[in-house]
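Numbering (our numbering), first residue to last: 103 to 351.
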């Protein structure tokens, strides 16, 4: 299999599309870059077998019926899940919560599907595409019990800061899709981005800091410590958690 192949060519009989939203929506500055790294045989097999039941493309062409998908359970959206280890652990620990995990990384999608099958998870759906289109076009207002953004791309160069996900415009959108009391949980090991997140969230009228006295929060027990995060901590990296509640106003 060539590394240059797109997902649509790798999975002609169904699977994550290379550009699911196509030209239906504006070409804005995006906070992510699609990564076309090699898909292993095991990941490809998981996608071929499991995508029709547990995956969907973010095409922006329909509004999801979350009650039908998750049987009326509260639903949390995770934006960016890497290889999916943390996502699978959280879904296993929270069987009464529906979890939508969205990313554009095909190997990670395959790995998460394989992990979900191995653990017998039924409360997880894997979404392929742009989280902004998913929020704006496919999720009903007030439908989310939480949003999780763990270790997003920090875009460290100053000229790229406009690409960072946590901006006032993103928070405006996320707030409309979160129920009153829902929690937005962010984590990063990039200190300048952590400070920006804190400033932007603190200034937004739709969110309230849950940390006593404001500032950063302790890592909650429901966010597992991953192997990669542990390696970073061993090297002296500082990981910041932010937990902000959607206000009831």
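Beta carbons: idealized from backbone N, C-alpha and C, even for Gly.
Mapping the DSSP letters down to three states, classify residue 133 as helix, strand or coil.
Residue placement at residue 133 is poorly supported in this model, since its pLDDT is 46, which falls under 50; the coordinates still yield a value, given next. Residue state, collapsed to three classes: coil.
Of all the options 279, 206 and 320, which has the alpha carbon lying nearest to the alpha carbon of residue 288?
320
Going straight from the alpha carbon of residue 342 to that of residue 228, what length do you get?
26 Å
Any idea which residues DSSP pairs residue 181 with across the strands?
204
Is residue 297 helix, strand or coil when you go by DSSP?
helix
Helix, strand or coil: which one does DSSP assign to residue 290?
strand
Please report the straight-line C-alpha distance between residue 251 and residue 169, rounded to a whole angstrom.
23 Å
To which residues does DSSP link residue 342 through a beta bridge?
290
Which term fits residue 293, buried or exposed, when burial requires 16 or more other beta carbons within 10 angstroms of its beta carbon?
exposed
Just to confirm, are residue 205 and residue 123 a CB contact at a threshold of 8 Å?
no
Let me know the secondary structure DSSP gives residue 246 once reduced to three states.
strand
Kindly indicate the opening and closing residues of the beta strand (DSSP E) around residue 228.
226-230 is the span of the beta strand (DSSP E), which, as asked, contains residue 228.
Residue 301: buried (16+ other C-beta within 10 angstroms of its C-beta) or exposed?
By the neighbour-count rule (16 or more Cβ atoms within 10 Å), residue 301 is not buried but exposed.
Run the CB neighbour count on residue 285, radius 10 Å, all protein chains shown included, and call it buried at 16 or more, exposed below.
buried
By the three-class DSSP mapping on this structure, what secondary structure does residue 307 have?
coil
What's the C-alpha gap between residue 282 and residue 312?
In this structure, the alpha-carbon of residue 282 lies about 14 Å from that of residue 312.
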